Every structure is written in C-alpha cells, then in structure tokens.
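Colleague:
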Amino acid sequence: MTIKAWTRHEWPPQFPLDVLWMGRAGMRLSEAESASDCILVVGVSRPKLAAAFLTVALISLFLTFHILYDSALYSLHAAAAAAAREAVDSSSSSSSLDLLVLDNGIDDNSYESNSIDAVAAAPFGTPPAAVTPSLQLQMAAAYNTASPPAKAHFPKTSRQLPQAIIVGVRKCGTRALLEMLFLHPQIQKAAGEVHFFDRDDNYSKGLEWYRKKMPYSFKGQVTIEKSPSYFVTPEVPERIFAMNASVRLLVIVREPVTRAISDYAQLRSHASSTPSPPTSSFSSSSSSSSSSSSSPSMSPVSSNNVNSFQSPNSSTSTSLQQQQPQQQQQQRSFDELAIRSDGTINESYRPIAISIYHMHMYRWLEVFERRQILIVNGDQLIDDPVPQLKRIESFLRLESHIGRHNFYFNHTKGFYCMRSDSEEKCLKESKGRRHPRVSPMVVSKLRRFFSEHNRKFYDLVGEDLGWPEE
Numbered sequence: 001m002t003i004k005a006w007t008r009h010e011w012p013p014q015f016p017l018d019v020l021w022m023g024r025a026g027m028r029l030s031e032a033e034s035a036s037d038c039i040l041v042v043g044v045s046r047p048k049l050a051a052a053f054l055t056v057a058l059i060s061l062f063l064t065f066h067i068l069y070d071s072a073l074y075s076l077h078a079a080a081a082a083a084a085r086e087a088v089d090s091s092s093s094s095s096s097l098d099l100l101v102l103d104n105g106i107d108d109n110s111y112e113s114n115s116i117d118a119v120a121a122a123p124f125g126t127p128p129a130a131v132t133p134s135l136q137l138q139m140a141a142a143y144n145t146a147s148p149p150a151k152a153h154f155p156k157t158s159r160q161l162p163q164a165i166i167v168g169v170r171k172c173g174t175r176a177l178l179e180m181l182f183l184h185p186q187i188q189k190a191a192g193e194v195h196f197f198d199r200d201d202n203y204s205k206g207l208e209w210y211r212k213k214m215p216y217s218f219k220g221q222v223t224i225e226k227s228p229s230y231f232v233t234p235e236v237p238e239r240i241f242a243m244n245a246s247v248r249l250l251v252i253v254r255e256p257v258t259r260a261i262s263d264y265a266q267l268r269s270h271a272s273s274t275p276s277p278p279t280s281s282f283s284s285s286s287s288s289s290s291s292s293s294s295s296p297s298m299s300p301v302s303s304n305n306v307n308s309f310q311s312p313n314s315s316t317s318t319s320l321q322q323q324q325p326q327q328q329q330q331q332r333s334f335d336e337l338a339i340r341s342d343g344t345i346n347e348s349y350r351p352i353a354i355s356i357y358h359m360h361m362y363r364w365l366e367v368f369e370r371r372q373i374l375i376v377n378g379d380q381l382i383d384d385p386v387p388q389l390k391r392i393e394s395f396l397r398l399e400s401h402i403g404r405h406n407f408y409f410n411h412t413k414g415f416y417c418m419r420s421d422s423e424e425k426c427l428k429e430s431k432g433r434r435h436p437r438v439s440p441m442v443v444s445k446l447r448r449f450f451s452e453h454n455r456k457f458y459d460l461v462g463e464d465l466g467w468p469e470e
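Letter 70 of the sequence shown, counting from 1, is numbered 70 in UniProt numbering, and no numbers are missing.
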C-alpha cells in the first residue's frame, strides 16, 4: 500500500517545524479505534525560534489573566465601598447625626452628600494653635468613623503631595469648586482642610505629615487640596513654592461686596450658635463693647487675625474677656460694622479686609509665575459652572470630562447640585444661606470704595472681571 508523506524538505526552509501528513489508507487501526482522515506528526527543527514563540504565547496568556484579575478586584472593591456607603446612609438617617463644624476650616466650605461629610465638634472660635493634638485625634476619629472613603484604596496607589491647590478665597465657593472638580476621574481630593502651610504647628511636622493627609491616588491622577486661609497668610506662598515650584494654584474670587456680606452672615451665624459665657466674667469689658467696631478686628496681613478671633496663646480668662465683645460685635448689623460712625469704610473689619484682593495677590505673584495661577470667577461658577470647569480642566492639563450632564438645578435650594454615575451631591443648608438686608446706600458706597482696589487686582492678574462700581 502506498503511503503519501510530506517531510520538512517540502516546506519553506524558514519554517521551524517538521510536519508529516499520512493518509488514512496508510494506517493500521485496531477494532477499538475509530478511523480518521489523517495523522499529523510535528517535530521541532529550530528550537530557539520555537522557544521564542512559546515564550511570547505564555507572556500573552499571563497578561490576559492579570488584566482579568485586576478588573475583578476593582469591581469587588467598588461593590464593597458602595455597600459601606449605603450602610452609613441608612444609619445616619436613623441617628440624625448633626455635627458642628469649625469656622477655621471645614464649615466654611462643608458639603453634604449621600455619604456623610462629618467633622468633629469643637467650641466656636477655637484658634488654630488651641486645637490640641488630643482634639485633633478626636476630630480624625469622628471623621473616619462617620464617613467611608469616597474612593476605595486599591493596590498600586500611593499618597502624593498635591500637584494643585485651591488657596482661596474664603466665602467664594472653594468647597463647591473642589467637589465639582472631584467629578473628574483624574482628580483626587484631600478630605477637609489640611491647613499645613498657614499654621506653624502643622508646618513644623514636615512634608511627610502633609503627604499622609493626602488621598490615595493612581499614577497620572492629580491630587488637590484646599485651604481658603492660604490666600491671606503672608508666609504661605514661599512655603508652597519650597514644596513644589511647579505647583498649579486656583484662586476663586467673587464680587467683593457680596463676598463681604456672605462672610458677615457666616460670622454672625457662628456667633449666635456659640454659648454665651457668664456675664460676671465680663464686667470689665462691657464698657469697651461700644468701641469694638472702630478697633481693628483683623489686620489685613496678619494670619492669626484672619483665621481666628483670639490669640492662640492667651489664657482662658483672657479668651473669655475677648469673646463677649466679639459676640456683641457680630450681633450688630453689617452696615454698622462696615461703615464707621464718621462715614469712612472700616478697612480693618475682617470681611472688608479679605475682599481687598490685590493686597494679598501681589505676594503670590512675587513668588509664582502668573501662568501657574488661575483666577476662577466664583459668581459665574454659581450661575453656570461648566465653562469655569472647562477652563480648569485645560489649566490642569486634564482631558475634558465634566459637562452639563453632571449638574442639575435644585429649585428648592436655588443653586446647582452635582450628579455622578453613583450619587448626587448638594450644598448643605449652611451654604447659600440668606444674606442679611443691607442698605442700598451702604452697598453703593462699598462698591465705590472697592472699585479702585478692583482695578488694581485686574492689573495684577491681567483680567477684568467686570464687577459693578456703583
């Protein structure tokens, strides 16, 4: 019987395998075996090339399984985080957890969402240095137990120093801006306000302490933190530059008179919620309360006065003596505090002094190049957030991701709320609080006062924000 065989000599010379094909007629089969058309015999004539082929195949197989494993792990962590968030939501609705927030930090820009953004309670007016290590630990514990992480910590992530910082301005929408930017998948945000560069006790702990306050992030993501008091603290620009000379800075501003009134409304709200000390403690200070409005309540360039109502190193009795005039001051109207009895503007009044932007901005431009600082229009961010966020995406060199689908207007609250794939977020009741009534004559007078300061600010930043002058 003829057997037809093809050997490797009949194949192209570069082919590395010996292949022998035999027809069915050339095979002797037992009764238990079934007939087939052919039998294929393969041998290796070029072992090195065959080994290379095998190696490539094994590496491809390994990478495929590795990608599948990572995807499954990511899904499991995401599901666990979602389950934890739902559990916290359900427990929070039954327990009605309601924590007071410090004026020197988180309450100024705090948010509510389906997950709890909780912070520790502390007496109003507690100065930065008066927050002891034990109180800081209590605050951290309260936050960690009440709020699950916004994004799960996966393998191959690490804590990075921020590549971008929202440095201010207070009562211009810094928290809203941070939460809106967090809609972008390439952005991770620090929880709360770190106050690393503006508080000596924190700054002395070093960059490693600061880095541990940052969130976990993947390589290529941008880490952002915000502390509004950075803008008005003189030593902050040089400290940030020493950390990262190429950092990008966001400064969000609003029309100065509107910002000042908003600042007054928050200070008054805090003062009214603070328990009054015994009257006997202030027998000597009651006579001085009438002159408190004319005395400087803050220095435009003093970080301690900008961020707190009392000296961190003062004794308890001194603090109590200072507290009553300050509370009485906040019970007075904005008109009385902003305008002195002789009709001049009280530039030393805290809400007024912070609104003189150019007095603080020049320090930043002495340290950083103008291209490293983006001025965000806070008024436009409230009216239509998307155009401002598009500018920021370009400034941070991020892919365009945030759009109008991420926002919806809440007619009850009167401002835009945020929407992501998994949850919706709105400002707390403390945000967008109603401003007190201010005399139109006072508003007009303040706008005339600020018009010159605004022009100086426009010249510094090279932008005309078009704020009214009357």
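Backbone N, C-alpha and C fix where the C-beta goes; we use that ideal spot for every residue, glycine too.
Just so it is clear, the structure is predicted and the values come from calculations on it, not from any experiment.
1. Would you check if there are 3 or more beta carbon pairs closer than 8 Å linking the stretch 345-362 to the stretch 251-267?
2. Give a yes or no on contact between the stretch 203-214 and the stretch 175-183, applying the rule of three or more CB pairs nearer than 8 Å.
3. Is the beta carbon of I252 sitting closer than 9 Å to the one on I165?
4. Can you have a look at H435 and say buried or exposed, based on whether 16 or more other CB atoms are within 10 angstroms of its CB?
5. I'd like to confirm the pairing. Which residues does DSSP put opposite N377 in its beta bridges?
6. P385 and Y416: beta carbons closer than 9 Å?
7. Give me whichever residues DSSP pairs with F407 in a beta bridge.
8. Measure the alpha-carbon distance for V461 versus I59 and round it to whole angstroms.
9. Considering only C-alpha positions, which residue in the set P228, E369 and S217 is nearest to G192?
10. What is the DSSP secondary structure of residue 495, reduced to helix, strand or coil?
11. Q331: buried (16+ other C-beta within 10 angstroms of its C-beta) or exposed?
12. For K205 and L337, what's the separation of their Cα atoms in angstroms?
13. For the putative contact between E470 and R437, defined by C-beta atoms under 8 Å, what is the C-beta separation to the nearest angstrom?
14. Only counting runs of 3 or more residues, tell me where the beta strand (DSSP E) segments fall wholly within the stretch 178-204, in order along the chain.
15. Could you check where the alpha helix (DSSP H) with E470 kicks off and where it finishes?
16. Check K48 in the structure and name its three-state DSSP category.
17. Check for me: the beta strand (DSSP E) holding V222 runs from which residue to which?
18. Do H401 and L250 have their CB atoms nearer than 9 Å?
19. According to DSSP, simplified to helix, strand and coil, what is Y175?
20. Using 10 angstroms around the beta-carbon of P47, count the other beta-carbons present and answer buried if the total reaches 16, otherwise exposed.
21. Determine the direct distance from the alpha carbon of A271 to that of S158, and round the result to whole angstroms.
22. Inspect the beta-carbon positions of I392 and V376 and report whether they are closer than 9 Å.
23. For H66 and T223, I'd like the C-alpha separation in whole angstroms.
24. Please report the straight-line C-alpha distance between K456 and V167, rounded to a whole angstrom.
25. To which residues does DSSP link S217 through a beta bridge?
26. Using the beta-carbon count (16 or more within 10 Å), is H195 buried or exposed?
27. Are R170 and V232 closer than 9 Å when you measure CB to CB?
28. In the DSSP assignment, find the unbroken alpha helix (DSSP H) run with E336 in it and report its ends.
Modeller: Let me lay it out:
1. Put simply, the stretch 345-362 touches the stretch 251-267. At least three CB pairs are less than 8 Å apart.
2. no
3. no
4. exposed
5. V253
6. yes
7. M418.
8. 54 Å
9. P228
10. Since the displayed the chain opens at 1 and closes at 470, residue 495 lies outside it and no answer follows.
11. So Q331 ends up on the exposed side.
12. 38 Å
13. 19 Å between Cβ atoms; not a contact.
14. 187-189
15. Element bounds for E470: n/a, residue is neither H nor E.
16. helix
17. V222 to K226
18. no
19. Checking the displayed sequence, the identity of residue 175 turns out to be Arg instead of Tyr. In this structure, R175 counts as helix in the three-state DSSP scheme.
20. exposed
21. 41 Å
22. Taking 9 Å as the Cβ cut-off, I392 and V376 qualify as a contacting pair.
23. 27 Å
24. 20 Å
25. S158
26. buried
27. Taking C-beta atoms as the reference points, R170 and V232 count as a pair closer than 9 Å.
28. Here the alpha helix (DSSP H) through E336 covers F334 to A338.
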